[in-house]
Each structure stands twice: as C-alpha cells, then as structure tokens.
Amino acid sequence: MTDMIYPNHKDLYRLPWSLNESPIGWVEVTDVCNIHCEGCYRLNKSGHKTLDEIKDEILFLKKWRKCDTVTLAGGEAILHPEIVDIVMFVKQNGMKSMIITNGVALNVKLLTKLKESGLTGVSFHIDSTQNRPELKNKKNISELDLNAVRLHYAKLVADVGGLTTTFGITVDPENINDIPLFINWAINNINYVNTLTFITYRGMPVSSDIDYFANGEKVELKKNSLGYAVSEEDFDKINIKSQDVYSTIKKHFPYYNVNSYLGGTHNHKSIKWLIGNIILNSKGKMFGSIGNRVMELVQTFYHYKTGRYFVHFKKQRFGKKIFLFALVDKKVRKTFTEFCRYILIHPLLLFSPLKSLNIGIVQPPDFSADGTVDMCDGCPDMCVYEGKLINSCRLDECLNFGSFIRFYIKDKKLASQLSKTYDV
Ligand code: SF4
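Under the numbering used here, the final residue of the sequence shown carries the number 451; numbering is consecutive throughout.
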C-alpha cells in the first residue's frame, strides 16, 4: 500500500519487558462465557478454576514474572463465583488487578464490591464481531452502533469511581475503517475513557495444504479444534497488521504519536505491541503525545522504585507536570507549545484538567512460511500452564494437543499469502 504511514522503530523505546520481568501476569479464572466472540482464544471446556488453583497461579506469576498487574481473564472472568476473593488476594499480594469483561453480567453492586476489594481497572471487550444481546437481530453492525453500549459501561465504572476504564476491539477487515470513529467517541467521552486497545484478528490457519505437529506427532487440525482456528475463507482476516491499524489512526489524528513497542520473536520487521499516549484536555482538545524518552524514564524510575515494570496507570489524569518532561522529550515539547498556543486564545481553559488517551495496538502471532510462529518478544500476557509460563494466546493448543502446534506449509503460494510483512 503506497499511502501507508509507518511507525519507525528507531524513534521508539523498546519496552524492557521479558519472560521474568513483565508488568502483567495473565490468569484465566474460568473458560465459561455468556456470549461468543469471533476469534475468541478459548474453547469453553472445563469451567471455573478453584480458588486454590487461582491463588497458586497468582503466586507463581508474582514470583517468576515480578508482575505489577494481574489481568483476570477468561472466559468471562466476572462469572467466577469467587471473583471478589480473587481480586482481594491480588491486592493482598501487593499487585494491581485488571478484569477483562464483555460487561454483560456487570452491575454497580458487583463492581462496587470489586473496587472495595482492590480492583484497579476494568477492560471491556465490546465489538461488532460479538454475538452480544444488544446486537440480537441487528445486521450490518458498525463499531459506531456499539458506542451507546460502551458509554453505558463507562458511566457505570465512573459511578463507582476510582477505577480505570479500557475498551478493546478485535480489528478485522470489516471494522478497521471504523477505528477513527471509535477514537473520536473516546475523545468526546474522555472523562470516562482512559485506554483503547486494538488487537488485530488472529487465528491458526486451517488448510489441507498445511501439515500440523504436536509433541512430534502429526495431528489433524479442524475448524473446531481450537477457539482460534480459521478456515481458508477467513485468511484475509488474519493479515491485518499493527502497521495497518497505526496508519489508519495516524491519518485521522495527526496529534497521535507512538512512543514504545515490542517486536517479534522471529521477524525483525514485526511490531507486535505499539503504545501511544495522546495528551488532551477534558473538552477533548488534543495537544500532542508523549514521546519515547518519557516512557523510558517512567519505566526506569518505576522499576528503580518498585523493582517492577508497569503498564497500567492508577491515576486517571495527568497533571500539568507532564510538561516538565519537555526538558527531555521533544514530543512533549511540541505538545507543550501547542498547549501554550491554545491557552493564549482560550485563557479560561488553562485550568481544564489534562488527560491522556492511551492507545495500545497488539498484533498476535503470525505464521511464517518456514513453520515458525512470530510471537510478541517479551510477551506480557503469559499465563501458567502445568507449572510453566506460556503465551496465553496459544493456551488452547496446549489444552487440546498437549503442546504448541508446529506446522509445515506445503503450498508456497499459501505460505507467502500468510506471511505478509511490511518492508519498513
Ligand atoms: S504473544 Fe503474548 S502478548 Fe502477544 S498476543 Fe500472544 S499472549 Fe498476547
């Protein structure tokens, strides 16, 4: 594509996260869910984990990951009958907790209890690829149609207070062009929304032109063998890259800049995680973004102080002290200049609180022509499986085949179709 705008990894801070030091520990408390999302990572097979099993996983992650936040995922995490005790256990162990939820079963009473037990934030997965009750009998859904649903949940979190709010969507060829509208919605509701995450649609390709192996044995892979197996008619969906999402955002929001990234484990050109933080006021006026130097200083200082890296802010707004970073970060200098220009014209808005809209882009595993799988280098979303750390996005392979699946693509044309890489 000639009109793509690429992020340049040389201008970005490579986040210092690794297997043993990561800001996040991923715990799937259940695989039960109350809706179905296309591209879901998990098959509903074994139900809720026991509280003891979950506590063991949390302690394992604390010890081996030194994590700052425990992400409670599923399935639908809030369906676990002991979710309040789980959140309390995370807090007792000195970590933050973030719940990933589709929101359907969430209410003020439960959220208040979770907050009182130490919950730090809620990350909503609400998008047009889900079979949500709000979408029943509706056709040709765009991401925009779900904004009223999102606002309902964002206000629910705001009513309880003191929690951060994240909204994530799975990006596929059908909704990628809705991203700017979705971001505009977040900007217009910046008093309720902190973070947006865009996860490109992922899946293990199922084809008779691919041989699959698990534990050294040839295995048969079918559409229903994994929550994320995709058949040939959907292969174009798994070819959306982080650069496609970045470019779509950058074209519409010139003030958006990214500051840090994680690359791939096999492909030096991959950008797997991409983080940007737009600075704006509570009226939604954008001034610019923070740059790589801020992220580097903040990660380093936080690690120096706590011995951990971080990814989730506890506070929901930046003070004007963010502009102190103008001394070391040219993106913040530009943002400060824009802010001053604006205040000269609108002096009364000097006291309008400054906020940050955090935008994360994640590009899950890519399947290469040589049979390797390009994962996120320093994967933050690792979970515990049989006493080992594994990438949570591939847990289904371990659960159903006893190991990660390795494969050989016999057809060269298919191999190159599945290996789209931007030559940046
Ligand atoms: S490799 Fe890790 S961070 Fe990347 S998609 Fe998989 S679980 Fe998430």
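Even glycine gets a Cβ: it sits at the ideal position worked out from N, Cα and C. Keep in mind it's a predicted model, so treat the numbers as computed, not measured.
Please list the terminal residues of the continuous beta strand (DSSP E) segment that includes ARG433. 433-436
What does a CB cutoff of less than 7 Å around ASN158 pick up in its chain, not counting 5 residues either side in sequence? ILE62 and HIS63
Please go through the same chain and pick out, in chain order, the residues whose beta-carbon is closer than 6 Å to the beta-carbon of SER169, but skip the five residues on each side of it. ASP205
In three-state DSSP terms, what is ASN134? coil
For LYS310 and ASP112, what's the separation of their Cα atoms in angstroms? 38 Å
Using the DSSP secondary-structure output, state which residues sit across from THR96 in a beta bridge. ILE51 and LYS123
Assign ARG421 to buried or exposed, taking buried as 16 or more other Cβ atoms, counted over all protein chains shown, within 10 Å of its Cβ. buried
Candidates THR98, GLU161 and SER150, of which the one nearest PHE116 by Cα: THR98
The alpha helix (DSSP H) that contains TYR331, what's its start and end? 319-333
Given 7 Å as the limit, tell me if ASN418 has its C-beta closer than that to any heavy atom belonging to the ligand SF4. yes
Counting Cβ pairs, one atom from each stretch, are 3 or more of them under 8 Å apart for the stretch 239-255 and the stretch 358-370? no
N- and C-terminal bounds of the beta strand (DSSP E) containing ASP238: 237-241
By how many angstroms is the C-alpha of LEU351 removed from the C-alpha of MET231? 46 Å
Do the stretch 185-194 and the stretch 250-263 meet, that is, are 3 or more Cβ pairs less than 8 Å apart? no
Alpha helix (DSSP H) segment containing TYR412, residue limits: Taken as a continuous stretch (DSSP letters only), TYR412 belongs to no alpha helix (DSSP H), being part of the beta strand (DSSP E) at 409-412.
Let me know the secondary structure DSSP gives TRP44 once reduced to three states. coil
For VAL485, count neighbouring C-beta atoms within 10 Å of its own C-beta (all shown protein chains included) and say buried if the count is 16 or more, exposed if not. With the chain running from 28 to 451 in the structure shown, residue 485 is simply not present.
Can you round the beta-carbon distance between GLY346 and LEU381 to whole angstroms, since I take them to be within the 8 Å contact cut? 7 Å
Below 6 Å CB to CB, which residues in the same chain sit around MET313 once its five sequence neighbours on both sides are set aside? TYR282, ILE305 and LEU307
Are the CB atoms of LEU173 and ASP154 nearer to each other than 8 Å? yes
Would ASN47 be called buried (16 or more neighbouring beta carbons within 10 Å of its own) or exposed? exposed
Work out the CA separation of LYS440 and ASN294 for me, nearest whole Å. 19 Å
Between PRO200 and the ligand SF4, is the CB less than 7 Å from at least one heavy atom? no
Cβ-Cβ distance between ASP236 and PHE434 below 8 Å: no
Taking the alpha carbon of ILE349 as the point to measure from, which residue in MET125, VAL233 and VAL325 has its own alpha carbon closest? VAL325
Applying the 10 Å Cβ sphere with the 16-neighbour rule, what's the burial state of ARG13? The structure shown does not extend to residue 13, since the chain is modelled only from 28 to 451, so the question has no answer here.
Between which two residues does the beta strand (DSSP E) containing LYS165 stretch? Element bounds for LYS165: n/a, residue is neither H nor E.
For VAL17, is the beta carbon positioned less than 7 Å from some heavy atom of the ligand SF4? Residue 17 cannot be examined here, being either before or after the span of the chain that is shown, 28 to 451.
Does at least one heavy atom of the ligand SF4 sit under 7 Å from the Cβ of PRO407? yes
Using a Cβ distance threshold of 8 Å, determine whether the stretch 81-89 contacts the stretch 368-375, with at least three qualifying pairs required. no
How about VAL389: is its Cβ closer than 7 Å to a heavy atom in the ligand SF4? yes
Any chain B beta carbon closer than 8 Å to ILE110: Chain labels in this structure do not include chain B; a single protein chain is all it has.
Over what stretch of residues does the alpha helix (DSSP H) that includes PHE280 continue unbroken? Looking at the DSSP string, PHE280 is not in any alpha helix (DSSP H), and its letter there is neither H nor E.
Taking 7 Å as the limit between beta carbons, can you name the residues of its chain near ASN216, skipping five residues before and five after? LEU178 and ALA181
Of the residues LYS296, SER144, ASN418 and ALA442, the one placed nearest GLY52, counting alpha carbons only: ASN418
Under 8 Å by Cβ, that's how I've got VAL59 and LEU133 pegged, so tell me the actual separation to the nearest angstrom. With a Cβ gap of about 15 Å, VAL59 and LEU133 do not count as contacting.
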